[in-house]
Structure formats: structure tokens, C-alpha cells
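Step one of this worksheet: look at the structure below.
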Amino acid sequence: MRNLALDFILLWDSEEARQKIIFTGDRQQARWYLQAVDVIQRSDDQSTIPIAMARLENEFRNILISYTNPTSSLDPLNTEEEEKEAQNSFGCFRHFRFNGSAKQHDAAAAADDDKLPHIGVIPYDAIKDLRCIAERMISSGYLGNCIHVYSRVRKSVFVATVQRLVISDVKLRLKAKIQRWREASTVYVRTLFANEKELCEKIFDEVGPEIDRACFMETVKEPAIQLLKYADATCMSPISSPDILFKILVLYEALADFDRVFDFKSSESIRVMVAEVLPRLAEAGRRALYLFECSVVWDKFTVVIPSGAIHPFTTYVMNYLNFFSDYKQTLNKFIVPKPSMESFFADIKEEGETPLRVHIIWIFEELQVKLQGKSKQYKDESLSHLFIMNNVHYTHKRVRRNSKLRDIIGDGRLKELERKLTQAAISHEKATWGRVLDCLTDEGLYLEKGDKISISKSALRKKN
2 MRNLALDFIL LWDSEEARQK IIFTGDRQQA RWYLQAVDVI QRSDDQSTIP
52 IAMARLENEF RNILISYTNP TSSLDPLNTE EEEKEAQNSF GCFRHFRFNG
102 SAKQHDAAAA ADDDKLPHIG VIPYDAIKDL RCIAERMISS GYLGNCIHVY
152 SRVRKSVFVA TVQRLVISDV KLRLKAKIQR WREASTVYVR TLFANEKELC
202 EKIFDEVGPE IDRACFMETV KEPAIQLLKY ADATCMSPIS SPDILFKILV
252 LYEALADFDR VFDFKSSESI RVMVAEVLPR LAEAGRRALY LFECSVVWDK
302 FTVVIPSGAI HPFTTYVMNY LNFFSDYKQT LNKFIVPKPS MESFFADIKE
352 EGETPLRVHI IWIFEELQVK LQGKSKQYKD ESLSHLFIMN NVHYTHKRVR
402 RNSKLRDIIG DGRLKELERK LTQAAISHEK ATWGRVLDCL TDEGLYLEKG
452 DKISISKSAL RKKN
């Protein structure tokens, strides 16, 4: 029996046989090879073990490579296409994003999740083959070789994602960078790390103590540290615009998920780094949020919009409020009202209020005050009321369509907006038609020419 096993091992070590892969061909040949390895492992003569292990290592590598495509994690760079897509889906600073209902927004988010690549989904038979090979390599003392091969092949997926994530040298506008970063970070945490951990468990679990976790850490530790350094660099960067808040929030939530993946003892170093970076991210988020609040207080949108249409300042503020409602749990961790802001919030603080709700309500009320001020820029009274009608209706619609934001703002404030809208409509009607009706009842408007009565054009001009 030992001689047959030895002959079979050597048969697959010939020059011609080395060009073939056992486990992708005849399944019976694969089973016989594993049985032959079992036999020589139990025998006294271990001289052919290195030959068998070299063959199994090569088979292990080829199975992994056949199901590992490092370019599948993210699409190739296409700056023009990404710019266009970002304008339509992440134009948070205009009116593109969040115009739909909350239900539409949730459906879109679910659709995005469905599009997430499932990297390294290896069929059951292939996982079984990998496990059988790993068992024999480890039992023969080739644990290091096994982990090295696995991590080297699988790490290529993470390297490709890192290249996509590090966007400092890519000439994209902020919205396109946010789009790309959000995609990369979502792939990292929700897909890559979690899937890789599960795959390691399927292949190495019960093969040896902590082997699955050791293999997982060998594969992902370096990319995980790169991601943490990238997040830390974001914290250290000057916060010159509130737009960076988008990136910080996505980063924060991605890193907060690390605890669910790196939940074992040998990954403690990663958890320690996360615990150090998260507070710095939160502080950076607070600075960005403060810049947004200042942009509302010191409103620089001074242009008068023709025809009393919706003002860019209105869409700017409402887009941010909708965005805030999507990240309310994280933002509640960020927000710590500063002493300088106390006077702003004094009128709306109530017992049991969350910090985010206080901020959002204040910003919402500040928007209404600013709109009243902007309406006074119109010399025509009817346009002033029309401006209020358009902008109040817009804010009411945006709140009503977003269930999360509506819960924060409250139905009481929505009813107040409805009353304001009704009053503006009545005032607009009076301002528009009042002068006409006044003209029709005044003396001197009509001229008598014999039996005919006509309107005096000069008198009508005076009335107008």
C-alpha cells in the first residue's frame, strides 16, 4: 500500500504532470492523491513528504487564484463617468440628492447594497478541497507555508481596494471623491473583511487552534492598518469646508463596524487603533458640523432670485438636514454643543432631547428666519409673498417626504409651516389683485364721450 501511494505521488511529480492541476481535473485523481498523502504520512518513510507538500501547496494556490479576482472588487477608474454619476447621486450641496421620498431613498440604498461585490465567494466543493489540503499540510508541519500562500493570494483583493481608496492623487471634484470613497469603504467593511473572515473559518476552523484567525489577520492586518491611517490622516487635515462631513461620517461608521469583525484576542491591536482614531474622527466631524452651522448663521447667499423661486440657500440647508437624518445615530455621538452656541439653542432645549434633534430644529428654525429676511429684498410685495410660498412649500415637502427628518422636526412645526404657507398665499393674492380692485372702484378711472364710457389710460397708469 505504501509503495502504491509513493508511486502515485511520484507520478504527479513528473515534468509533464507538473503542468497540470489535479483538483481542477478528474475528481477521482484528486481523491486518490489525498489518500496517497494520508498513507505516506502514517508510514515510517517520510522522504516523499516534501514532494507531496510542494504539490499540495501549488494546488492550494491555484484553487485560490481561480476564485480570486483582485480587479473585481471595484470598477476601473473612469473620472468623467464618476463625475457625472456623483453629480446625480451625491450632489449633496445642490438639490439632486434626497429629492425623493424616504421610501425611495431606502430602496436606492438597498439597491446599492445588492450591487456590492461579494469578493471571494468560493463554491462549496472548492472550499472542501482547500480544507482537505490545509489539513494535510498543517499535520505535516507546513502551517507557515499554508498561511503564507493563502494570505499572499487573497491579499491582492485588498491591495486593489486600497489603490481605489487612496484618492489623493486623483483629479476629481469633492462629490466624485465622496462617491468613490463611500463605495470603497463599504466594500472594505461590509464585504471584504467580513467575507474573508468567514472564508478563513470555513477552511481552517477546527484544523488547529486559532489557525483561521491567524490566517485572517495575516491577510487583512496590513490593509486594515492602511485604512486606519487613512482615517487618521483625514482627522489631521484642515477642515476648511463642511462638505468633508460626508467623508468623516462614512469613515466613522465603517471603522465602528470593525469590532464586529476583529472580535478575537489576536486582533486586539486593530481594536486599540480603532479606539484611538474614532474620537479624533468625531472631533473632526464636530468641526465640520460647526462650519455648516456657521454657514447658516452667516448666510452668504445674498443674491435675489428672480420671480420668487426656490433659493439655493434653501436647497443647501435642506439637503444637509436630510443627510443628517440618515446618520442621526452617529451624529448624536459627534454633537456636543459648545458654550458659544448656548444662546442659539436656549429656546428649543427640552428635557430628554437628543443633541442632534436640538441642532436640526435650530438649523430649521434659523432657515425660516433667513427666508423671511430674504423675502424683504423684493421691492414688489407680491413677489415677496410668492418667495415665501415657494420656499416654505419646498421645506415642508422635503420634511414630509423623509420620515426620519419628519420625526425629528415634528408635526407641530409642519403645521406651523402650513399656516405660514396659507398666510403667504392670502397675502400674495391681496398684493397682486388689491391694486386692480382698488382702481376699479376709484373715481377718475372712466371717461365719458357722448354715450360711451371708456377707461382713462393715464389714470390707470397713475394707479399702477
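Note that the working numbering gives residue 28 to position 27 of the sequence shown, counting from 1, and the numbers run on in steps of one.
Virtual Cβ for every residue (Gly too), placed ideally from N, Cα, C.
Quiz prompt | For D39, the three-state DSSP class (helix, strand or coil) | solution = Taking the sequence shown and counting its residues from 1, one reaches residue 39 at position 38. In this structure, D39 counts as helix in the three-state DSSP scheme.
Practice problem: Measure the alpha-carbon distance for S326 versus R32 and round it to whole angstroms. | Solution: Locating residue 326 in the sequence shown gives position 325, counting from the first residue. Locating residue 32 in the sequence shown gives position 31, counting from the first residue. Answer to the nearest angstrom: the Cα atoms are 57 Å apart.
Quiz item: Can we say the segment 211-220 touches the segment 246-261, given the rule of at least three CB pairs closer than 8 Å?
Solution: Verdict: no, contact absent.
Quiz item: Under the three-state reduction of DSSP, which class applies to M2: helix, strand or coil?
Solution: On the sequence shown, position 1 is the one that residue 2 refers to. The answer is coil: DSSP assigns M2 none of H, G, I, E or B.
Quiz item: Which residue comes first and which comes last in the alpha helix (DSSP H) that contains S376?
Solution: Taking the sequence shown and counting its residues from 1, the one referred to as residue 376 is at position 375. The continuous alpha helix (DSSP H) containing S376 extends over residues 356-376.
Quiz prompt | Residues near S141 by beta carbon distance below 7 Å, same chain, minus five either side | solution = By 1-based counting over the sequence shown, the position of residue 141 is 140. The beta carbon of S141 lies closer than 7 Å to those of Q42, I50, M54 in the same chain, with the five residues before and after it left out.
Quiz item: Would a C-beta distance cut-off of 8 Å place L290 and F335 closer than the cut-off?
Solution: Sequence index remark: in the sequence shown, residue 290 carries index 289 (1-based). Sequence index remark: in the sequence shown, residue 335 carries index 334 (1-based). Yes, the Cβ-Cβ distance between L290 and F335 is below 8 Å.
Quiz item: Does the beta-carbon distance from F217 to A135 come in below 8 Å?
Solution: For the purposes of this step, residue 217 is taken as residue 216 along the sequence shown, with counting starting at 1. For the purposes of this step, residue 135 is taken as residue 134 along the sequence shown, with counting starting at 1. Contact check for F217 against A135 fails: the beta carbons are separated by 8 Å or more.
Practice problem: Have a look at R399 and M319 and give me their C-alpha separation to the nearest angstrom. | Solution: As a first step, residue 399 is located in the sequence shown; it is residue number 398 there, counting from the start. As a first step, residue 319 is located in the sequence shown; it is residue number 318 there, counting from the start. Taking the straight line joining both Cα atoms gives about 7 Å.
Quiz item: Pick from M274, E199, T355, V122: whose alpha carbon is nearest that of S67?
Solution: As a first step, residue 67 must be located in the sequence shown, where it is residue number 66. Selection M274, E199, T355, V122 evaluated against S67 yields V122 as nearest (Cα-Cα).
Exercise. Put N323 into one of helix, strand or coil per three-state DSSP.
Key: For this step, residue 323 is matched to residue 322 along the sequence shown. Secondary structure of N323 (DSSP, three-state): helix.
Self-check item: Integer-rounded CB distance, given that K405 should sit under 8 Å from P388
Solution: By one-based count along the sequence shown, residue 388 stands at place 387. By one-based count along the sequence shown, residue 405 stands at place 404. A quick correction: the sequence has Phe, not Pro, at residue 388. Not a contact, Cβ separation roughly 28 Å.
Exercise. Could you please give the first and the last residue of the uninterrupted alpha helix (DSSP H) stretch that includes D233?
Key: Taking the first residue of the sequence shown as 1, we reach residue 233 at position 232. First-last of the alpha helix (DSSP H) with D233: 212-237.
Quiz item: Should K156 be labelled buried (16 or more other beta-carbon atoms within 10 Å of its own) or exposed?
Solution: Locating residue 156 in the sequence shown gives position 155, counting from the first residue. Buried: at least 16 other Cβ atoms inside 10 Å.
Quiz prompt | I168 - DSSP class collapsed to helix/strand/coil | solution = Position 167 of the sequence shown holds residue 168. Bear in mind that a pLDDT of 48 at I168, under 50, signals an unreliable position, so the number given afterwards is only what the model happens to contain. DSSP places I168 in coil when its eight states are reduced to three.
Quiz item: How many whole angstroms separate the CB atoms of L372 and N403, which I take to be in contact at a CB cut-off of 8 Å?
Solution: The count along the sequence shown starts at 1 and reaches residue 372 at position 371. The count along the sequence shown starts at 1 and reaches residue 403 at position 402. Between N403 and L372 the Cβ distance is about 19 Å, and since that is not below 8 Å, they are no contact.
Quiz item: How many whole angstroms separate the CB atoms of E58 and V150, which I take to be in contact at a CB cut-off of 8 Å?
Solution: Translated into the one-based positions of the sequence shown, residue 58 becomes position 57. Translated into the one-based positions of the sequence shown, residue 150 becomes position 149. Going by Cβ atoms, the distance from E58 to V150 rounds to 6 Å, so yes, they are a contact pair.
Exercise. Helix, strand or coil for V297, going by three-state DSSP, please let me know.
Key: As a first step, residue 297 is located in the sequence shown; it is residue number 296 there, counting from the start. Of the three classes helix, strand and coil, the one that applies to V297 here is helix, per DSSP.
Self-check item: Proximity test, S157 beta-carbon vs the ligand FMN heavy atom, cut-off 7 Å
Solution: Judged by which ligands are present, the structure shown has none, so any question about the ligand FMN falls away.
Exercise. State the DSSP-derived secondary structure class of A310, mapped to helix, strand or coil.
Key: Locating residue 310 in the sequence shown gives position 309, where the first residue counts as 1. If DSSP states are grouped into helix, strand and coil, A310 belongs with coil.
Quiz item: By the 10 Å Cβ neighbour count, where 16 or more other Cβ atoms means buried, how is A225 classified, buried or exposed?
Solution: On the sequence shown, position 224 is the one that residue 225 refers to. Looking at its Cβ environment, which holds 16 or more other Cβ atoms inside 10 Å, A225 is buried.
Quiz item: Of all Cβ atoms in chain D, is any one closer than 8 Å to the Cβ of Y395?
Solution: The structure shown contains no chain D, having only a single protein chain.
Practice problem: Pull up the CB-CB distance for H429 and S383, whole angstroms please, since I reckon it's below 8 Å. | Solution: In the sequence shown, residue 429 corresponds to position 428, counting from 1. In the sequence shown, residue 383 corresponds to position 382, counting from 1. Contact flag correct, Cβ pair sits at about 6 Å.
Quiz item: Does DSSP put Q330 in a helix, a strand or coil?
Solution: Numbered from 1 along the sequence shown, position 329 holds the residue referred to as residue 330. Here DSSP, grouped into helix, strand and coil, assigns Q330 to helix.
Quiz prompt | DSSP-derived helix/strand/coil call for S268 | solution = Indexing the sequence shown from 1 puts residue 268 at position 267. Three-state DSSP puts S268 in a helix.
Practice problem: Check each candidate in S385, R414, F324 and name the one with the smallest Cα separation from I362. | Solution: Locating residue 362 in the sequence shown gives position 361, where the first residue counts as 1. Comparing C-alpha distances from I362 to each of S385, R414, F324 shows the shortest one belongs to R414.
Exercise. Please check the pair A232 and L282, which I expect to be a contact at CB under 8 Å, by giving their CB distance rounded to whole angstroms.
Key: Translated into the one-based positions of the sequence shown, residue 232 becomes position 231. Translated into the one-based positions of the sequence shown, residue 282 becomes position 281. Confirmed, about 6 Å.
Quiz item: Buried or exposed: where does R153 fall if 16 or more other Cβ atoms within 10 Å of its Cβ makes it buried?
Solution: Looking up residue 153 in the sequence shown gives position 152. Around the CB of R153, fewer than 16 other CB atoms lie within 10 Å, so the residue is classed as exposed.
Self-check item: DSSP state of K21 mapped onto helix, strand, coil
Solution: Against the sequence shown, residue 21 aligns to sequence position 20. Here K21 sits in coil by DSSP.
Self-check item: Sub-8 Å separation of A432 and H386 beta-carbons
Solution: Residue numbering aside, residue 432 sits at position 431 when the sequence shown is read from its first letter. Residue numbering aside, residue 386 sits at position 385 when the sequence shown is read from its first letter. Contact flag set, yes.
Self-check item: Coil, strand or helix - T423 by DSSP
Solution: Taking the sequence shown and counting its residues from 1, one reaches residue 423 at position 422. Helix at T423.
Quiz item: Thinking just about the alpha-carbon of each residue, which of Q227, F194, C201 is nearest to the one in F263?
Solution: If you number the sequence shown from 1, residue 263 lands on position 262. Closest option to F263, Cα to Cα, is F194.
Quiz item: Which of the three DSSP states, helix, strand or coil, is assigned to K380?
Solution: Taking the first residue of the sequence shown as 1, we reach residue 380 at position 379. Of the three classes helix, strand and coil, the one that applies to K380 here is coil, per DSSP.
Quiz item: Is the beta carbon of L229 sitting closer than 8 Å to the one on V273?
Solution: Counting from one through the sequence shown, the residue named residue 229 turns up at place 228. Counting from one through the sequence shown, the residue named residue 273 turns up at place 272. Against a cut-off of 8 Å, the Cβ pair of V273 and L229 comes out as no contact.
Exercise. Could you pull out every residue in the same chain whose Cβ sits closer than 7 Å to the Cβ of E202, ignoring the five residues on either side in sequence?
Key: For the purposes of this step, residue 202 is taken as the residue at position 201 of the sequence shown. Here the set comprises D213.
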